[in-house]
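Going down the list, the protein sequences come from chains A, B, C and D.
Going by this note's numbering, 349 is the number at position 362 of the first sequence; the sequence numbering is gapless.
Going by this note's numbering, 128 is the number at position 141 of the second sequence; the sequence numbering is gapless.
Going by this note's numbering, 209 is the number at position 222 of the third sequence; the sequence numbering is gapless.
Going by this note's numbering, 350 is the number at position 363 of the fourth sequence; the sequence numbering is gapless.
There are 4 protein chains.
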Amino acid sequence: MHRFRLRIPLSIFVFLMLILLSGVGFGQTKIRTDIAIPDIPGYITLKCDFHNHTVFSDGYVWPTVRAEEAWHEGLDAFAITDHVEYQYFSADIPVQLNRSFDLAQAAALELNLLAVKGAEITRKMPPGHINAVFIRDVVPLNTSDYRDAVKAAKDQGGFVFWNHPTFPHPEGKAIWSTEIEELFAKGWLNGVEVVNSTHYCPEAHQWCLDKKLTMLGNSDVHDPMAIEYGIHNREHRPMTLVFVRERSLEGIREALFSRRTAVFWEDRLIGEEQYLRSIFNASVRVLNPRLGMTGKGVALLQVRNRSDVDFELEADGEMDGFSFPREITLLKGKTVLLRIARKNGAPRIATAQKIDLPYRVKNLLVAPVKGLTVVLGADIEE
Amino acid sequence: MHRFRLRIPLSIFVFLMLILLSGVGFGQTKIRTDIAIPDIPGYITLKCDFHNHTVFSDGYVWPTVRAEEAWHEGLDAFAITDHVEYQYFSADIPVQLNRSFDLAQAAALELNLLAVKGAEITRKMPPGHINAVFIRDVVPLNTSDYRDAVKAAKDQGGFVFWNHPTFPHPEGKAIWSTEIEELFAKGWLNGVEVVNSTHYCPEAHQWCLDKKLTMLGNSDVHDPMAIEYGIHNREHRPMTLVFVRERSLEGIREALFSRRTAVFWEDRLIGEEQYLRSIFNASVRVLNPRLGMTGKGVALLQVRNRSDVDFELEADGEMDGFSFPREITLLKGKTVLLRIARKNGAPRIATAQKIDLPYRVKNLLVAPVKGLTVVLGADIEE
Amino acid sequence: MHRFRLRIPLSIFVFLMLILLSGVGFGQTKIRTDIAIPDIPGYITLKCDFHNHTVFSDGYVWPTVRAEEAWHEGLDAFAITDHVEYQYFSADIPVQLNRSFDLAQAAALELNLLAVKGAEITRKMPPGHINAVFIRDVVPLNTSDYRDAVKAAKDQGGFVFWNHPTFPHPEGKAIWSTEIEELFAKGWLNGVEVVNSTHYCPEAHQWCLDKKLTMLGNSDVHDPMAIEYGIHNREHRPMTLVFVRERSLEGIREALFSRRTAVFWEDRLIGEEQYLRSIFNASVRVLNPRLGMTGKGVALLQVRNRSDVDFELEADGEMDGFSFPREITLLKGKTVLLRIARKNGAPRIATAQKIDLPYRVKNLLVAPVKGLTVVLGADIEE
Amino acid sequence: MHRFRLRIPLSIFVFLMLILLSGVGFGQTKIRTDIAIPDIPGYITLKCDFHNHTVFSDGYVWPTVRAEEAWHEGLDAFAITDHVEYQYFSADIPVQLNRSFDLAQAAALELNLLAVKGAEITRKMPPGHINAVFIRDVVPLNTSDYRDAVKAAKDQGGFVFWNHPTFPHPEGKAIWSTEIEELFAKGWLNGVEVVNSTHYCPEAHQWCLDKKLTMLGNSDVHDPMAIEYGIHNREHRPMTLVFVRERSLEGIREALFSRRTAVFWEDRLIGEEQYLRSIFNASVRVLNPRLGMTGKGVALLQVRNRSDVDFELEADGEMDGFSFPREITLLKGKTVLLRIARKNGAPRIATAQKIDLPYRVKNLLVAPVKGLTVVLGADIEE
């Protein structure tokens, strides 16, 4: 009785509150920091995270927060991938499998972000956890046999990838199980997480190269992003770079199925050689390609890196007549100086000479433990 | 039927999941940054935030996140103060008025933090929003007349304070309404938020001095903390410094009722003169109090500030015979150099002389627009 | 005798040393941080500092350091302006008036920087200190009457400007003395330092506007740059922006005489309205100029600032029907969100509507205490 | 004649200038950042750099700058060690071997720093470069046979150490030459630079352990410090930690001869086990040594590191019944959380149990590639 009497004034009160609160300015400016990884010839480079949780499974934030975080951190797109079968807070939040995406999508629209609908099919290993993105309805994925769940996702046109293949032991070895092989053989597996959260999986990297699967790198965030990834000032979540023809959901979907991705993780890029080379070339520029040597036989090459990735170079061979730095880091957003010196006893240069400094970029991984080879070129004269 | 058949395997599955997930190391190190505001003679200085929201009213995080954030940011205590009458997500989360505190408290215990139970009594102005903390049960506060709600809090021994007195216009003028006067006259109002979120209220500051109310500064956070306060690297949430006899809930409660607080907001401290002076004295030290002048009549005083507050000093008077910096900032965690010079024509010092440099600390506010006066002393000789 | 015997082996030894040391890698990478202030229509924006000292007057570094610092900090050009009549270290370094420039220029060439030859004609006030840049020989400026020194600079085609007009009291009022008027009347004064080191001079600013003089902002550095300007991480020296037709010494000289400059000082730009407006327009972009309003009557404008200047905006008027932020900072290198909301009671928008948000940029000073007015425009619809 | 006529007014002018300039406030606040490496039982920990160059040999700054830099960076002491036989700028600065120290010392006194007089005896390898510090007069070291130079330093009571033993190839292998052996056998060699500039020499490290030589780590700075070591925000110069009985020149001298030093280089400490252990123990504290386990069998150990060194721990063994982090970094100035969990199947704890988590600190090098072993202890109960 007491409670009933209260309900009427309260409903009016809540209405008044909504009006009152909606105009309040007790807030802070919202700020976005773009991620400087350039577009490559023919494609726009979108920054995406295809693995996010909310309070509707076992995450600790309301779904709209995932949109705010993605905008704040300079992403273009994110997927909501709450567990289909596992809702940690179901005692407090009745299960609604499609609800978290709906909430996140509304917030994404306001922020001009692309929200991707997804779900995590959750089994112990094997086969482990499997994400399906670009699906329309999560409910059909809620079924006892994981094969049926994956099939339901594929029936909706979903893009399916295997999450953290070493789960539950992040430092362990990834095993290509018969269960995964079965999904792969059926054409139901489109990609693998080469990076999940703080962990890189070299086996997954190699499988993507060998079996022509799409490489993904995702945060798998549960806490607010700043709690999981905010330790150091410049840290960022792992993300999947998607090379699209147009900035749209369909653009992303097409690129994922076409394997046009790379992974940006900590200070590394992981991907097919062609994409890493394109990013390097679009990022790095020799500012003074025409160099005069001083009387001392020294020339200083100025190299600018406009990306947000430090490129860690080590010399990949020698050059006749000249010494050049054996190790140098092309720091993000900076110009560095490479000192080129005529070796003792080497002859002076008669005419302008083309030099190509051979380097290997240790943190652009075209295969496990294999860096991209590049050259920095200039014309030098005395 | 379909759903029923699923439930049994799912409940087992959830149990397996819990086991699987509990040991997973796919996470990051948790890091806490202490706030360097020193203890003062006779009291421990606790850093507290008495105004936090969760998804159980109109916040955007699960209650445990408020504990994680508080630990991460170096706080000692926080209060959960969800709105009593207003649950923005009630369509998804059935209302349970005591639930958010219970969840937050469990997380706080693991982290050795003090969790304070509270609630926000929410009316339009007047009287506006009122927080009650150190209460035992929120349910009795859910009543149509705000007077009854406040009385219910006081009956439980609660500490009651008025939130953001300029609401809903943060830049507006605060009015001491008859409604507030009535609560105050009854002894039901113990404090006022001098700072809420990004806004300082000078009227509230003066009321606390005149009416012997407790000064509070709180975040009123709704989003994840890093989204609301993470714009610049060194930003922190506003907080209430509580000078306690012991680090315990009862210690905080006693200090609040005894008005032993100050407010740390952006780069300012706000409070009674005695507390701000104690903090300044405990923070600042002249490293070379015995100074010799050089032949040029110059001496360099080294002053170290071990706190996390930049103290902004401006000269508050002149000194016979010597010039000294008119403006200087004692930067947080740094030692700065103050150049003392014999004025042109001033006589040389015959014997060691005690000098007291008079300053006003602009950002230690003992009243609205009134900085704390201090002296930096040294013995000088030639 | 002893010393003579040593000299022969030593000269050989020094030669060996030179060879040994020249190839040593016991060093660090040299890094340059570009200053992001964009070019403007028709002109390249060069970053220049026309006031630098070395050990050849009363500075504390070898002249080559001024080139290294300028390169490191992203400058395009710097002037060496040692005092003509005042060599603090003459007991250790015999006076050679042209020597410091020659040394600095050689280092500048290696680094692809433009080195400007200059000198500071140093008298007590009036007329105070006067810089002459773009001169060929300092020796003729070493004469007892300052008028003769200025004339010698003008005879060489020099550009002459008055330094820190409040000297020796940085906080004092600048006086347009008869001595300065005499130089000005003769056409011998081309500019004034509106900013010197940490000090802005509003009188100088106004004189430049009224008398059509060139505005300059310079460091007047004596210590290593990092000691004078390295307090906070993001601090930079004051500098003169020069809007040139080509990146060359002649390009700078022509622009200085044509008054195409602005001053970048701390977080402010100071200059003629036309140049500040061009910089603002080249820096700021509305990313979503076509905006849809949500059901709640809210739209979020995304504004990116690609420059290294925080633009501090305050509303400069109201808009019918909509509220928009009264104060907002377009942070350097960031995108911020401006919340536009239909006012209570205002009618819904029938068709797409052009809105122009009127602002004043407080820290783009087109005159003392007068900020540049701008509009941020968008098309809005519901 | 012309020049003579000028000299008279100039000498007066310079005098006026000195007065004018001495009071000028066109400067910035001078700021010192202390280095948080704590004192150890029985000794004060001084931060020292025994290898600095100035324009009086081949450095690029006036000697007083070395004092300013040392103060700014939180050092207690520095040595001026210009080359005895090699003055790169002798064409401009006539050679005076004791001059640079005199100038630096005057500046150091004003700043309350300890200036050590030294010199670098410079030969090609072998024996390479040798520093002598705590000498009284550099002139007797200027002799053709390096043995005579070292003997002259020892005759003055000097402390002699071998610089950068891999010179001129920083990445090369260090060779204990017969020349060095001869000096060592005579008791003329007291220490070796284990770290010089950016390079650590493992051979030197081992020699110091085996031959009971003093370990040193020095900057060997030539440029302004910020140009050589200012690339990243948190970088510091390499330095020698000296564990003294009193903060004085004699205190440092005694400690150097007694081998009470360690080296702080990048993110590493290098030294005898006893000193590194003392620093670790004085830096690290378990905040909650009495731990209760939650129902889930988990306890969170809070460990604070008050030093400026990140301690990188890896597990050095297992514990019966409990899992604990295999790798964790105790970040400088932070508190981190170590998750201790009862292993699956392990019995509950009956009574309070003492646990000692065994770790190896990878970056506290007690020998080349050998980290210090430590334990983190707590009492745990359920």
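All C-beta atoms, glycine included, are put in the ideal place defined by N, C-alpha and C.
Practice item. Quick one: residues in its chain with C-beta nearer than 7 Å to the C-beta of ARG53 of chain D, no 5 flanking neighbours on either side, listed in chain order? Key: The residue labelled residue 53 of chain D in the question sits at position 66 within the fourth sequence. If we look at ARG53 of chain D and ignore the five residues flanking it on each side, its Cβ neighbours are ASN39, THR41, PHE65, ILE67 and ALA91.
Check your understanding: Using CA coordinates, which residue listed in A:PRO334, A:LEU363 and A:ALA161 is at the minimum distance from LYS341 of chain A?
Key -> Mapped onto the first sequence, residue 341 of chain A falls at position 354. If we check each option's Cα against that of LYS341 of chain A, A:LEU363 comes out closest.
Review point. Near ALA328 of chain D, which residues of its chain fall below 7 Å by C-beta distance, leaving aside the five closest residues on each side in sequence?
Key: Counting from one through the fourth sequence, the residue named residue 328 of chain D turns up at place 341. For ALA328 of chain D, where only same-chain residues beyond five positions count, the Cβ hits under 7 Å are GLY284, VAL285, PHE309 and SER310.
Check your understanding: Can you name the residues of chain C whose CB is closer than 7 Å to the CB of ILE24 of chain A?
Key -> To locate residue 24 of chain A, count along the first sequence from 1; it is residue 37. Ordered by position in chain C, no residue passes the 7 Å Cβ test against ILE24 of chain A, which lies about 15 Å from the chain.
Practice item. Report yes or no: is there a C-beta of chain D within less than 9 Å of the C-beta of GLN92 of chain B? Key: By one-based count along the second sequence, residue 92 of chain B stands at place 105. No, GLN92 of chain B lies away from the interface with chain D (no Cβ there is under 9 Å from its Cβ).
Check your understanding: So is MET212 of chain D in contact with chain C if we call contact Cβ pairs under 9 Å?
Key -> Residue numbering aside, residue 212 of chain D sits at position 225 when the fourth sequence is read from its first letter. It does: the Cβ of MET212 of chain D has a partner Cβ on chain C nearer than 9 Å.
Point to revise | For GLU72 of chain D, the nearest candidate out of D:GLY61, D:THR130, D:VAL250 and D:GLY105 (CA to CA) | key: Position 85 of the fourth sequence, counting from 1, holds the residue named residue 72 of chain D. Here the closest residue by C-alpha is D:THR130.
Practice item. Counting only the same chain and skipping the five closest in sequence on each side, list residues whose C-beta sits under 6 Å from that of SER87 of chain B. Key: Here residue 87 of chain B corresponds to residue number 100 of the second sequence, with the count starting at 1. For SER87 of chain B, where only same-chain residues beyond five positions count, the Cβ hits under 6 Å are THR41, PHE43, PRO50, ILE67 and ASP69.
**Study point:** Residues bridged to ALA302 of chain A [DSSP beta-bridge criterion]
**Key:** Residue mapping note: residue 302 of chain A aligns to position 315 of the first sequence, counting from 1. Answer by DSSP bridge pairing, in chain order: A:TYR346.
Exercise for review: For PHE65 of chain B, decide whether its Cβ has a neighbour in chain A, counting only Cβ atoms nearer than 9 Å.
Suggested key: Within the second sequence, the letter at position 78 stands for residue 65 of chain B. So no, PHE65 of chain B is outside the interface.
Point to revise | Identity of the residue in B:LEU62, B:THR338 and B:PRO28 nearest VAL103 of chain B by Cα | key: Here residue 103 of chain B refers to the residue found at position 116 of the second sequence. For VAL103 of chain B, the nearest C-alpha among the options comes from B:LEU62.
Exercise for review: For LYS321 of chain D, go through chain B and note every residue whose CB falls closer than 7 Å to its CB, in chain order.
Suggested key: Translated into positions along the fourth sequence, residue 321 of chain D becomes position 334. The contacting residues are ILE18, ARG19 and THR20.
Practice item. Flag ARG291 of chain C as yes if its beta-carbon sits less than 9 Å from any beta-carbon of chain A, otherwise no. Key: The residue labelled residue 291 of chain C in the question sits at position 304 within the third sequence. Yes, its Cβ sits closer than 9 Å to a Cβ of chain A.
**Study point:** Beta-ladder partner(s) of ALA328 of chain D, from DSSP
**Key:** As a first step, residue 328 of chain D is located in the fourth sequence; it is residue number 341 there, counting from the start. D:VAL285 and D:SER310.
Practice item. Using three-state DSSP, classify GLU237 of chain D as helix, strand or coil. Key: Here residue 237 of chain D is taken as the residue at index 250 of the fourth sequence, counted from 1. GLU237 of chain D falls in the helix class under three-state DSSP.
Point to revise | Within 9 Å, strictly: CB atoms of VAL361 of chain A and PHE267 of chain A | key: The count along the first sequence starts at 1 and reaches residue 361 of chain A at position 374. The count along the first sequence starts at 1 and reaches residue 267 of chain A at position 280. Yes.
Review point. Whose C-alpha, out of B:ALA23, B:ILE31, B:ARG313 and B:ALA339, is nearest the C-alpha of THR248 of chain B?
Key: Looking up residue 248 of chain B in the second sequence gives position 261. Per the Cα distances, B:ILE31.
Exercise for review: Starting from the N-terminal side, write out each stretch of the beta strand (DSSP E) that is 3 residues or longer and does not extend beyond the region 124 to 189 of chain A.
Suggested key: 146 to 149 and 178 to 183
Exercise for review: For chain D, find out if any of its Cβ atoms is closer than 9 Å to the Cβ of LEU324 of chain B; answer yes or no.
Suggested key: In the second sequence, residue 324 of chain B corresponds to position 337, counting from 1. At least one chain D Cβ lies under 9 Å of LEU324 of chain B.
Review point. ILE117 of chain D CB to nearest chain C CB: under 9 Å?
Key: The residue you call residue 117 of chain D lines up with position 130 of the fourth sequence. It does not: the Cβ of ILE117 of chain D has no partner Cβ on chain C nearer than 9 Å.
Review point. Relative to chain B, which residues along the region 178 to 203 of chain A have a C-beta separation below 8 Å, given in chain order?
Key: ASN183, SER184, THR185 and HIS186
Check your understanding: ALA57 of chain A by DSSP, collapsed to three states: which one?
Key -> Along the first sequence, one-based indexing puts residue 57 of chain A at 70. The answer is helix: DSSP assigns ALA57 of chain A an H, G or I state.
Review point. Thinking C-alpha only, which one of D:TRP175, D:LEU98 and D:ARG326 is nearest ARG134 of chain D?
Key: Locating residue 134 of chain D in the fourth sequence gives position 147, counting from the first residue. When only C-alpha atoms are compared, the closest one is D:TRP175.
Check your understanding: In chain order, what residues of the same chain lie with their CB nearer than 8 Å to the CB of VAL1 of chain C, ignoring the 5 residues before and after it?
Key -> On the third sequence, position 14 is the one that residue 1 of chain C refers to. Because VAL1 of chain C carries a pLDDT of 39, less than 50, the predicted location of this residue cannot be relied on, and the following value inherits that uncertainty. So no residue of the chain qualifies.
Exercise for review: Could you tell me the distance, in whole angstroms, from the CA atom of ALA269 of chain D to the CA atom of LEU324 of chain D?
Suggested key: Along the fourth sequence, read from residue 1 onward, the residue named residue 269 of chain D stands at position 282. Along the fourth sequence, read from residue 1 onward, the residue named residue 324 of chain D stands at position 337. If I take the Cα positions, the gap works out to 19 Å.
Review point. Under the three-state reduction of DSSP, which class applies to TYR30 of chain B: helix, strand or coil?
Key: Working through the second sequence from its first residue, we reach residue 30 of chain B at position 43. In this structure, TYR30 of chain B counts as strand in the three-state DSSP scheme.
Practice item. Return yes when the Cβ of ASN275 of chain A is within less than 9 Å of the Cβ of ASN99 of chain C, no when it is not. Key: As a working mapping, residue 99 of chain C is identified with position 112 in the third sequence. As a working mapping, residue 275 of chain A is identified with position 288 in the first sequence. Yes; because the gap between Cβ atoms is below 9 Å, this pair is in contact.
Exercise for review: Using a Cβ cut-off of 9 Å (strictly closer), state whether THR51 of chain D contacts chain C.
Suggested key: Taking the fourth sequence and counting its residues from 1, the one referred to as residue 51 of chain D is at position 64. Yes - at least one Cβ of chain C is within 9 Å of the one on THR51 of chain D.
Exercise for review: Find the nearest neighbour of ARG19 of chain A within the set B:CYS188, B:LYS138, B:GLU55 and B:GLU215, judged by alpha-carbon distance.
Suggested key: One-based indexing of the first sequence puts residue 19 of chain A at position 32. The shortest C-alpha separation from ARG19 of chain A is found at B:GLU215.
Practice item. At 7 Å on the CB atoms, spell out the chain C contacts of ILE80 of chain D, in chain order. Key: In the fourth sequence, counting from the first residue as 1, residue 80 of chain D sits at position 93. Simply ASP79 and ILE80.
Review point. Name the chain D residues whose beta carbon is nearer than 9 Å to that of THR281 of chain B?
Key: Start at 1 with the first residue of the second sequence, and residue 281 of chain B comes out as number 294. Within 9 Å Cβ-Cβ: ALA93, LEU96 and GLU97.
Point to revise | Short CB-CB distance (under 9 Å) between TYR47 of chain B and chain A | key: As a first step, residue 47 of chain B must be located in the second sequence, where it is residue number 60. Yes, because at least one Cβ of chain A sits closer than 9 Å to the Cβ of TYR47 of chain B.
Exercise for review: Would you decide whether GLY372 of chain B is buried or exposed? Buried here means 16 or more other CB atoms lie within 10 Å of its CB.
Suggested key: Since the first residue of chain B shown is -12 and the last is 369, residue 372 of chain B is not available in this structure.
Review point. Is it buried or exposed for THR109 of chain A, if we count other Cβ within 10 angstroms and need 16 for buried?
Key: Looking up residue 109 of chain A in the first sequence gives position 122. Answer is buried; the Cβ neighbour count reaches 16.
Check your understanding: Which residues in the same chain have their Cβ closer than 8 Å to the Cβ of PRO25 of chain D, if we skip the five residues on either side of it in sequence?
Key -> Here residue 25 of chain D refers to the residue found at position 38 of the fourth sequence. Same-chain partners within the cutoff: THR32, ILE266, ALA269, SER270, ARG293 and SER294.
**Study point:** Boundaries (first-last residue) of the beta strand (DSSP E) holding ARG255 of chain A
**Key:** Here the question's residue 255 of chain A lines up with position 268 in the first sequence. Per DSSP, ARG255 of chain A belongs to the beta strand (DSSP E) from 255 to 258.
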